[in-house]
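Enquirer: Structure below; questions to follow.
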Amino acid sequence: MFLSLSIKNSFLPSDSYIEFEEGLNVIVGKNNSGKSTTIEMLNFILFGSSALRSSVSNYDKLFEVEAVVKFSDTVYKINRTPKSSDIYSLDLETKKYSLICTGISSVNSFIKDLLSYDYKIFSLTNYCKQHDLLNLTSCTPQALVSLIEVVSGLEDSYRLMLELKSLKKEYKT
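Letter by letter, the sequence shown follows residues 1316 to 1488 of our numbering.
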């Protein structure tokens, strides 16, 4: 659950700070007021530059996003810039954050482990366009099975099973 979001030096006309309420939050505003950018920054916090709509080089050098999120009973603070990422956990007794992970790849992996999925799965399940849904209903059974394997992780499990069978066969000989 997102608790807060701070956006600095993005495409928005000014820096933004949002506090989220528990439960459902709705982002409303006029056209070109930053609603889509806010959603993009929430995705950026969780998934890094793969969630940005344009190349990270198109963003200001001082572009920075910080969010406070809660997963299970742990509160984390995540900082991201085009060239760095850090994640901190909150000690509830001292009310201080301590660094637990730094570096873009490390933070991405840490968050992927927390969520149990990556941006590819997230965007497929949350941003599927109507024509993509129609494609799913008209695709071949093998294409549908392949998609299910990718989404569920069965593709990797199947490859691992084949590799283990091969190793077992080698071991016997």
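By construction, the Cβ of each residue, glycine as well, lies at the ideal position given by its N, Cα and C atoms.
Quantities reported herein were computed from a predicted structural model and do not represent experimental measurements.
#1: Have a look at the DSSP bridge pairing and note the partners of valine 1390.
#2: Beta-carbon within less than 7 Å of phenylalanine 1326's beta-carbon, same chain only, minus the 5 sequence neighbours each way: which residues are those?
#3: For cysteine 1418, count the other beta carbons within 10 Å of its own beta carbon; 16 or more makes it buried, fewer makes it exposed. Which is it?
#4: Whose C-alpha, out of Ser1420, Val1390, Lys1427 and Ile1402, is nearest the C-alpha of threonine 1409?
#5: Nearest to glutamate 1337 by alpha carbon, out of Met1316, Glu1478, Leu1479 and Ser1424?
#6: Pop quiz: leucine 1357 and leucine 1320 are said to be a contact at Cβ under 8 Å. What is the actual Cβ separation, rounded to whole angstroms?
#7: Is it true that the region 1393 to 1408 meets the region 1339 to 1353, where meeting means three or more beta-carbon pairs spaced less than 8 Å apart?
#8: What does the alpha-carbon distance come out to for the pair valine 1294 and tyrosine 1332?
#9: Excluding sequence positions up to five away, which residues of its chain have a Cβ less than 6 Å from the Cβ of tyrosine 1374?
#10: Could you check whether leucine 1367 and isoleucine 1426 sit closer than 9 Å to each other, using their CB atoms as the reference points?
#11: Should valine 1384 be labelled buried (16 or more other beta-carbon atoms within 10 Å of its own) or exposed?
#12: Locate the beta strand (DSSP E) running through leucine 1327, then write down its first and last residues.
#13: Could you check if phenylalanine 1359 is buried or exposed, using at least 16 other CB atoms within 10 Å of its CB as the buried criterion?
#14: Of all the beta strand (DSSP E) runs that stay within the bounds of the region 1329 to 1356, which reach a length of 3 or more residues?
#15: State the Cα-Cα distance for the pair tyrosine 1412 and leucine 1477, rounded to the nearest angstrom.
#16: I need the DSSP call for lysine 1411, collapsed to helix, strand or coil.
#17: Which residues in the same chain as valine 1371 place their Cβ atom closer than 8 Å to its Cβ, once the five residues preceding and following it in sequence are excluded?
Expert: Taking the definition as stated:
#1: Lys1385
#2: Thr1352
#3: Residue identity differs from the one stated: residue 1418 is glycine in this sequence, not cysteine. So glycine 1418 counts as exposed.
#4: Val1390
#5: Met1316
#6: 6 Å
#7: no
#8: Summary: the structure shown does not reach residue 1294, with the chain confined to residues 1316 through 1488, and so no result is reported for it.
#9: Pro1397
#10: no
#11: buried
#12: No beta strand (DSSP E) holds leucine 1327; DSSP gives it neither H nor E.
#13: buried
#14: 1331 to 1334
#15: 44 Å
#16: strand
#17: Ser1364 and Pro1397
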